[in-house]
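Protein chains in written order, with the UniProt record's numbering: chain D, 1 to 175; chain A, 1 to 175. Single-structure report; data block below.
Protein chains: 2
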Amino acid sequence: MDVKEFFQLSAGKWFSQRTSHHLAFKQSESGKSDIKIEMLAGDDPVVIDLCQQYDIDPKLAWGGARVTWDGTMEWDSEKHEGSSVLVPIPDLDTPQSGKLLRDVGYAEKAGVAGRYIIGSDDAMTLITEYETMYSEERIWFASPNLRLRASILKRFGGFSMASFCSEIRMGVTKT
Amino acid sequence: MDVKEFFQLSAGKWFSQRTSHHLAFKQSESGKSDIKIEMLAGDDPVVIDLCQQYDIDPKLAWGGARVTWDGTMEWDSEKHEGSSVLVPIPDLDTPQSGKLLRDVGYAEKAGVAGRYIIGSDDAMTLITEYETMYSEERIWFASPNLRLRASILKRFGGFSMASFCSEIRMGVTKT
């Protein structure tokens, strides 16, 4: 599988159950979210814009995706909603890995480029290094309608959180 | 990494946080457990016994592990405790995969042999097929002191549960 196929498989609407294990204080927190993933073409202005922000030639991008989420977490009453544009830029020599541009970081509000790697088992691993944080997320399909994500977050050199999401495609009767 | 090294890395005492996402009714359940993993030598009587139960020549086993757990789950007041002996029998031609004998199945009480595969990313995948169930578990180390497990359970042809465990080695100050 290449990164474009991975994005295509991800396109659609998903119901996501999330659990975060806070490692230091041994507590877990759960959340739920509706997620929408839409494919964007290479000539979409937001794709071109994002490439330009990172000084990357937009011709290197086949396109990307817009991810929109709307959910809640257990420990706060705040609404967790937002959207982010993701544009993968495959490495020229090894296209199974590359940069992943995003306009909003997952763990910090500033945009940050991560690295993706698609393994021989068709799972995608995303690695993002922030100034004081490191996150590693593995995303894989148990079936076309069940997507799983496991991530770990490191802060100041130690692991602080492990999270897991199970995402069911909406509108299907069988996962 | 081979299966013996994987077992050796797993040996010790762990604090495990578990979350199960029940997919059909979109609810999650959390639990906590103390887990102890002890290595067993190839000439240990329980290893020899287990091989014989499966009609396997005990000479094919380098040993195994005894896993003991003691925990609680959110939705019942029952104590979840027990122990299981695991003995891997590497395939002769491809030792990165093989049979995994156990005296107690994870999801059913009867003993059942599964398959293990150690990937190029050093994660171990365990596949167990029961009469009416199929389980697939991926176990990997984020660090020597942080072990993660993600599993899915299929019943009657559809996925019914996705579970995640984060396991911290006890007695260390840094994960």
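Cβ atoms here follow ideal geometry from the backbone N, Cα and C, with glycine treated the same way. Keep in mind it's a predicted model, so treat the numbers as computed, not measured.
(request) Could you tell me which chain A residues have their CB closer than 7 Å to the CB of Ser-166 (chain D), listed as they occur along the chain? (result) His-21, Leu-23 and Ala-162
(request) Name, please, each residue of chain A whose Cβ falls closer than 9 Å to the Cβ of Gly-71 (chain D). (result) Result: empty, since nearest Cβ-Cβ is about 12 Å, beyond 9 Å.
(request) Decide if Gly-114 (chain A) is buried, meaning its Cβ has at least 16 other Cβ atoms within 10 Å, or exposed. (result) buried
(message) Once the 5 residues before and after Cys-51 (chain D) are set aside, which same chain residues still bring their CB inside 8 Å of it?
(response) Asp-57, Pro-58, Leu-60, Ala-61, Val-87, Ile-89 and Leu-101
(request) Measure the Cβ-Cβ separation of residue 188 (chain D) and Thr-132 (chain D) and say whether it is below 8 Å. (result) The structure shown does not extend to residue 188 (chain D), since chain D is modelled only from 1 to 175, so the question has no answer here.
(request) Have a look at Leu-146 (chain A) and Val-46 (chain D) and give me their C-alpha separation to the nearest angstrom. (result) 39 Å
(request) With a threshold of 16 other CB atoms inside 10 Å of the CB of Thr-125 (chain A), please say whether the residue is buried or exposed. (result) buried
(request) Name the one or two DSSP bridge partners that Thr-19 (chain D) has. (result) D:Ser-30 and D:Phe-164
(request) For Leu-146 (chain D), go through chain A and note every residue whose CB falls closer than 9 Å to its CB, in chain order. (result) Leu-23, Ile-152, Phe-159 and Ala-162
(request) Please list the segments of the alpha helix (DSSP H) lying wholly inside the region 55–116 of chain A, counting only runs of 4 or more residues, in order along the chain. (result) none
(request) Buried or exposed for Gly-64 (chain D), please, with buried defined as at least 16 other CB atoms from any protein chain shown within 10 angstroms of its CB. (result) buried
(request) Using only alpha-carbon positions, find the residue among A:Ser-166, A:Met-170, A:Gly-171 and A:Val-172 that is nearest to Gln-27 (chain D). (result) A:Ser-166
(message) Here's the rule I'm using: 16 or more other beta-carbon atoms within 10 Å means buried, otherwise exposed. How should Val-112 (chain D) be labelled?
(response) buried
(message) Just verifying my parser: in three-state terms, what is the DSSP assignment at Ser-10 (chain D)?
(response) helix
(request) Measure the beta-carbon distance from Lys-13 (chain A) to Met-170 (chain A) and round it to whole angstroms, keeping in mind my assumption that it falls under 8 Å. (result) 4 Å
(message) Please classify Thr-19 (chain A) as buried or exposed, where buried requires at least 16 other C-beta atoms within 10 Å of its C-beta.
(response) buried
(message) Restricting to Cα atoms, I'd like to know which of A:Ile-48, A:Asp-43, A:Lys-36 and A:Trp-75 is closest to His-21 (chain A).
(response) A:Trp-75
(message) Pull the bridge partners of Leu-153 (chain A) from the DSSP assignment, please.
(response) A:Ser-135 and A:Met-161
(request) Could you please give me the residues that DSSP links to Met-39 (chain A) through a beta bridge? (result) A:Ala-65
(request) May I have the straight-line CA-CA distance separating Tyr-134 (chain D) from Asp-44 (chain A), to the nearest angstrom? (result) 43 Å
(request) Using a Cβ cut-off of 8 Å (strictly closer), state whether Phe-156 (chain D) contacts chain A. (result) no
(message) Just to confirm before moving on: does the CB-CB distance between Phe-159 (chain A) and Ala-150 (chain A) stay below 8 Å?
(response) no
(message) If distances are taken between C-alpha atoms only, which option among A:Leu-40, A:Ser-16 and A:Glu-137 comes closest to Val-85 (chain A)?
(response) A:Leu-40
(request) Could you tell me the distance, in whole angstroms, from the CA atom of Ser-10 (chain D) to the CA atom of Ala-24 (chain D)? (result) 32 Å
(message) Within 10 Å of its beta-carbon, does Glu-137 (chain D) have 16 or more other beta-carbons around it, so buried, or fewer, so exposed?
(response) buried
(request) Identify, in the order they occur along the chain, each residue of the same chain with its Cβ nearer than 6 Å to the Cβ of Asp-91 (chain A), setting aside the five sequence neighbours on each side. (result) Ser-97 and Gly-98
(message) Let me check you understand the geometry: is the CB of Thr-125 (chain D) closer than 7 Å to at least one non-hydrogen atom of the ligand FMN?
(response) Ligands displayed in this structure: none; no statement on the ligand FMN is therefore possible.
(request) Starting from Met-124 (chain D), trace the beta strand (DSSP E) both ways and give me its first and last residue. (result) 124–129
(request) Take Ile-48 (chain A) and list the residues in its own chain whose beta-carbon comes closer than 7 Å to its own, dropping the five residues that flank it on each side. (result) Pro-58
(request) Output, in chain order, the set of chain D residues within a Cβ distance shorter than 9 Å of Ser-26 (chain A). (result) Reading off the sequence, residue 26 (chain A) comes out as Lys, not Ser. Those within 9 Å of Lys-26 (chain A) in chain D are Phe-15, Gln-17, Lys-32 and Ile-168.
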